[in-house]
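Student: Dropping a structure here in structure tokens format, bear with me for questions.
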């Protein structure tokens, strides 16, 4: 997690920008930087007078039950990795007080249950875990889980430790979640409509019809965020509020990166179809994870470009903080050489994908 100094610095930087968003110079659209931009260039500066409803296209939540579920999942993982009862020393994991013997017994039983039944199941890929997450999100304001539709064993476990979590952890987890939401909300209000337009154009895709629910929690998963789909066009994102990579301006990129998974996947969407088509035509194997690297590059570049319209000249997209070096050392340069010109309107979509496949 970020140090207190780094978090304050990040929040202060965002606050400085959002204070500037109240008054937008009308001359920005005719500035020299606005000339000859591609079809996916920043247009947020032209949106300042348009009415914005809430936090379109997202709906942010800090829900008790979903947070409890993810916290238990995280603590059970930590206990398994340590090979002993969880004693995580992080700020978020330390209780605000001492557990009584009965509270400790119930808490240990809940961790035993999660360790034995749930942490072996992936939060993103396991259909049952996805349903569980959706139902806990929908129950966020409920006093209990009697109407959640969840299994009896899980309900019993969660309800048994709910009073302890509510007293000793939830207040600070909720504060962290709400601070994260307070930071990202004005950015989404300012840049949301522009980024929706630009991302859908870049991916040649449609945005989800329904508002995207974003649940903010002390823990999400190993990646810090994940997005699932269920019941038609229902898109549900879960994001960690305390992950050091999710703070400040990166929060804006992150929510739109996660939403991009609806439009771009390994087998669905125009990007995947174009990559498959070009790979077959050139008798090549489809480059592993190219679709995901394209999401990172596109969401990062369009976020950077929109922020630069307001003088944020030093924003570094998320993938440049070591992800390319760790996971995709062979993809960064081809994306810069062949996908970037497409985002700038210099080549068309098919040519950009063909050039990428040639380079890989």
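Residue numbers (our numbering): 299 to 658. Glycine included, every Cβ here is placed at the ideal spot set by N, Cα and C. Computed from a predicted model, the values in this text were never measured in an experiment.
Measure the alpha-carbon distance for residue 565 versus residue 413 and round it to whole angstroms.
Tutor: Rounded to whole angstroms, residue 565 to residue 413 spans 33 Å at the Cα level.
Student: Can you check which of these residues, 485, 520, 510 and 535, is closest to residue 602 by C-alpha distance?
Tutor: Residue 602 has its Cα closest to that of 485, out of 485, 520, 510 and 535.
Student: Ignoring anything shorter than 3 residues, give me the beta strand (DSSP E) runs that lie fully in the region 530–562, in order along the chain.
Tutor: Counting only runs of 3 or more, we get 532–538.
Student: Would you report the Cα separation of residue 468 and residue 370, rounded to the nearest angstrom?
Tutor: Taking the straight line from one Cα to the other gives about 12 Å.
Student: At a cut-off of 7 Å, is residue 607 close to the ligand PLP when judged by its beta-carbon and the heavy atoms of the ligand?
Tutor: In the structure on display, the ligand PLP does not appear, and there are no ligands present to speak of.
Student: Skipping 5 residues on each side, what residues in its chain have a beta carbon closer than 6 Å to that of residue 560?
Tutor: Taken in chain order, the residues that qualify are 506 and 533.
Student: Any idea which residues DSSP pairs residue 513 with across the strands?
Tutor: Residue 513 pairs with 359 and 536.
Student: Near residue 528, what residues of its chain come up, given a Cβ to Cβ distance below 8 Å and the 5 sequence neighbours on each side ignored?
Tutor: These residues qualify, in order along the chain: 428, 429, 432 and 534.
Student: Quick check: residue 460 and residue 366, are their CB atoms within less than 8 Å of each other?
Tutor: For residue 460 and residue 366, yes; Cβs fall inside 8 Å.
Student: Are the region 547–558 and the region 589–601 in contact at 8 Å, needing three or more beta carbon pairs?
Tutor: As far as the Cβ criterion goes, the region 547–558 touches the region 589–601, which means the pair count is three or higher.
Student: For residue 526, collect the residues of the same chain with a Cβ closer than 6 Å to its Cβ; drop the 5 residues on either side in sequence, then sort them by chain order.
Tutor: Same-chain partners within the cutoff: 428 and 534.
Student: Which class does residue 440 belong to by DSSP, given the choice of helix, strand or coil?
Tutor: DSSP places residue 440 in coil when its eight states are reduced to three.
Student: Need the endpoints of the beta strand (DSSP E) that residue 518 sits in, please.
Tutor: Premise fails: residue 518 is in no beta strand (DSSP E) and is neither H nor E.
Student: Could you pull out every residue in the same chain whose Cβ sits closer than 8 Å to the Cβ of residue 436, ignoring the five residues on either side in sequence?
Tutor: Same-chain partners within the cutoff: 446.
Student: When you compare only the Cα positions, how much space is there between residue 542 and residue 483?
Tutor: Those two C-alpha atoms are separated by around 18 Å.
Student: Buried or exposed for residue 656, please, with buried defined as at least 16 other CB atoms from any protein chain shown within 10 angstroms of its CB.
Tutor: Result: exposed.
Student: Check the DSSP bridge columns for residue 524 and list the partner residues they point to.
Tutor: DSSP lists 536 as partners of residue 524.
Student: Among the residues of its own chain, which have a CB less than 6 Å from the CB of residue 368, if the five just before and after it don't count?
Tutor: Within the same chain, residue 368 has close Cβ partners 515 and 517.
Student: Which runs of the beta strand (DSSP E) fall wholly inside the region 448–510 and span at least 3 residues, in chain order?
Tutor: Whole beta strand (DSSP E) segments, 3+ residues: zero.
Student: Is residue 573 helix, strand or coil when you go by DSSP?
Tutor: Residue 573 falls in the helix class under three-state DSSP.
Student: In whole angstroms, give me the CA-to-CA distance for residue 519 and residue 512.
Tutor: Whole-angstrom Cα-Cα distance: 14 Å.
Student: Could you tell me the distance, in whole angstroms, from the CA atom of residue 600 to the CA atom of residue 363?
Tutor: Each residue's Cα considered, the two are about 34 Å apart.
Student: Measuring only the C-alpha atoms, how far is residue 606 from residue 549?
Tutor: Their backbone Cα atoms lie some 16 Å apart in a straight line.
Student: Closest by CA to residue 405, which one among 389, 442 and 465?
Tutor: For the residues 389, 442 and 465, the minimum Cα distance to residue 405 belongs to 465.
Student: Can you tell me whether DSSP reads residue 648 as helix, strand or coil?
Tutor: Three-state DSSP puts residue 648 in a helix.
Student: For the alpha helix (DSSP H) holding residue 621, just list the boundary residues, first then last.
Tutor: Where residue 621 is concerned, the enclosing alpha helix (DSSP H) stretches over 621–625.
Student: Quick one: what's got a C-beta closer than 7 Å to residue 443's C-beta in the same chain, skipping five residues either side?
Tutor: Closer than 7 Å at the Cβ level, and outside the excluded window around residue 443, lie 363, 437, 453, 456 and 457.
Student: Given a cut-off of 8 Å, decide if residue 544 and residue 521 are closer than it, judged by their beta-carbon atoms.
Tutor: Against a cut-off of 8 Å, the Cβ pair of residue 544 and residue 521 comes out as no contact.
Student: Consult DSSP for residue 365 and reduce its assignment to one of helix, strand or coil.
Tutor: In the structure shown, residue 365 sits in a helix (DSSP, three-state: H, G or I).
Student: Is it buried or exposed, residue 420, if we count other Cβ atoms within 10 angstroms and call 16 or more buried?
Tutor: Result: exposed.
Student: For the putative contact between residue 651 and residue 576, defined by C-beta atoms under 8 Å, what is the C-beta separation to the nearest angstrom?
Tutor: Rounded, the Cβ-Cβ distance is 5 Å, consistent with contact.
Student: Compute the Euclidean distance between the alpha carbons of residue 630 and residue 622, then round it to the nearest angstrom.
Tutor: In a straight line, the C-alpha of residue 630 is about 6 Å away from that of residue 622.
Student: For residue 449 and residue 411, what's the separation of their Cα atoms in angstroms?
Tutor: Approximately 13 Å, taken between the alpha carbons.
Student: Give a yes or no on whether the C-beta atoms belonging to residue 498 and residue 397 are separated by under 8 Å.
Tutor: No.
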